[in-house]
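Undergrad: So the sequence shown is numbered by the working numbering: it starts at 5 and just counts up by one.
Cβ coordinates follow ideal geometry from the N, Cα and C atoms, glycine included.
Below is one structure. I have some questions about it.
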Amino acid sequence: MKIYEESTAPNARRVRMFLAEKGVSGIEYVHVGLKSGDNISSEFRKKNPLAKIPVLELDNNECISESMAICRYFEALNPENPLMGASPFEQANIEMWQRRCEISFMNIVGMGFQHSTGYFSDRMNPIKEWGEECLKQAKVFMVFLNDHLKNNQYIAGEAFSVADITAFTAIEFARVVKVRIEDDHVHLLRWYQNIKSRASAKA
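Rendered as structure tokens:
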């Protein structure tokens, strides 16, 4: 199996972190340069017509894109040490928090990066004001997470899950646009330091 990615990209990183937690090995990682436009080539679009990374290519040449779809595939193959929940409630609760962290945080940070830096100005029309607004929204969500973590060890309760991976990789990437955990976010900082100490955080 192969995974096409750029390792510094947040979505690629959360797949790497997920696989590290699962103990999955034997994957061939193929670098796809985002700035150079490797992902928008006609060859890559055959693997993912939306030109996004990461993409998992199976041994039979079938391709799976979208980072959570890739994670779900490996969760099904390796059900031990579940990161997406075991009981129906756990699965639903983790999915709820995963989506909150993805839609209201990771995606917002991504848009903030794209629009405030103009990194992809050769293929999109960056709107600086929208980028600045997105980064403000990201900071508001970090306050929300800090309040939530006052009474929870992890994002979706008392067990580490894919929701923590999504939130952690979003916070790590947010540093690129100078959005960081504030000193008074003591609960978020405690959680962040806990996640950063995991071996998978270095994947």
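Does the Cβ of Phe93 have 16 or more other Cβ atoms within 10 Å, making it buried, or fewer, making it exposed?
TA: Looking at its Cβ environment, which holds fewer than 16 other Cβ atoms inside 10 Å, Phe93 is exposed.
Undergrad: Take Glu106 as the anchor and find which of Leu149, Ile185, Glu133 has the nearest alpha-carbon.
TA: Comparing Cα positions, the closest option is Leu149.
Undergrad: Quick check on the burial criterion: 16 or more other C-beta atoms within 10 angstroms. Buried or exposed for Pro58?
TA: Its Cβ being crowded by 16 or more others within 10 Å, Pro58 is buried.
Undergrad: So Ser204 and Glu10 are supposed to be a Cβ contact under 8 angstroms. How far apart are they, rounded?
TA: 19 angstroms between Cβ atoms; not a contact.
Undergrad: Taking the alpha-carbon of Val166 as reference, which of Asp63, Ile7, Gly37, Arg76 has the nearest alpha-carbon?
TA: Ranking Asp63, Ile7, Gly37, Arg76 by Cα distance to Val166 puts Arg76 first.
Undergrad: Between the Cα of Trp195 and those of Asn155, Val183, Arg179, spot the shortest distance and give me the residue it belongs to.
TA: Per the Cα distances, Asn155.
Undergrad: Using 8 angstroms as the threshold, is the C-beta distance between Met115 and Ala174 below it?
TA: Not closer than 8 angstroms, so no.
Undergrad: Is the number of C-beta pairs between the region 63 to 75 and the region 34 to 52 that are closer than 8 angstroms three or more?
TA: Segments in contact, yes.
Undergrad: In whole angstroms, what is the alpha-carbon distance linking Asp42 and Lys182?
TA: Their backbone Cα atoms lie some 27 angstroms apart in a straight line.
Undergrad: Name the DSSP bridge partner or partners of Val59?
TA: Partner(s): Tyr8, Ser69.
Undergrad: Taking C-alpha atoms, which residue in Asp126, Gln141, Arg127 lies nearest to Glu133?
TA: Nearest option by C-alpha distance: Gln141.
Undergrad: When the distance is taken between beta carbons, is Ile131 closer than 8 angstroms to Asp168?
TA: No, these two residues do not count as a Cβ contact at 8 angstroms.
Undergrad: Of all the options Glu137, Leu23, Ala55, Ser40, which has the alpha carbon lying nearest to the alpha carbon of Leu81?
TA: Of the candidates Glu137, Leu23, Ala55, Ser40, the one whose C-alpha sits nearest the C-alpha of Leu81 is Leu23.
Undergrad: Residue range of the alpha helix (DSSP H) that Glu106 falls in?
TA: Premise fails: Glu106 is in no alpha helix (DSSP H) and is neither H nor E.
Undergrad: Let me check understanding here. Comparing Cα to Cα, which of Met72, Lys56, Phe78 lies closest to Leu62?
TA: Looking at the Cα atoms, Phe78 is the closest of the given residues.
Undergrad: If we count the other Cβ atoms within 10 Å of its Cβ and call it buried at 16 or more, is Gln197 buried or exposed?
TA: By the neighbour-count rule (16 or more Cβ atoms within 10 Å), Gln197 is not buried but exposed.
Undergrad: Just curious, the alpha helix (DSSP H) that His152 is in, first and last residue?
TA: Unbroken alpha helix (DSSP H) run through His152: 132 to 152.
Undergrad: If we call anything under 8 angstroms between Cβ atoms a contact, is Tyr33 one with Ile7?
TA: The answer is yes: Cβ separation under 8 angstroms.
Undergrad: Would you tell me roughly how many angstroms separate the C-alpha atoms of Leu60 and Asp187, rounded to the nearest one?
TA: Approximately 38 angstroms between the Cα atoms of the pair.
Undergrad: Kindly indicate the opening and closing residues of the alpha helix (DSSP H) around Val113.
TA: Element bounds for Val113: 111 to 121.
Undergrad: On a CA-only basis, which of Ala55, Gly161, Pro14, Gly30 is nearest Ser46? Give me that one, please.
TA: It is Ala55.
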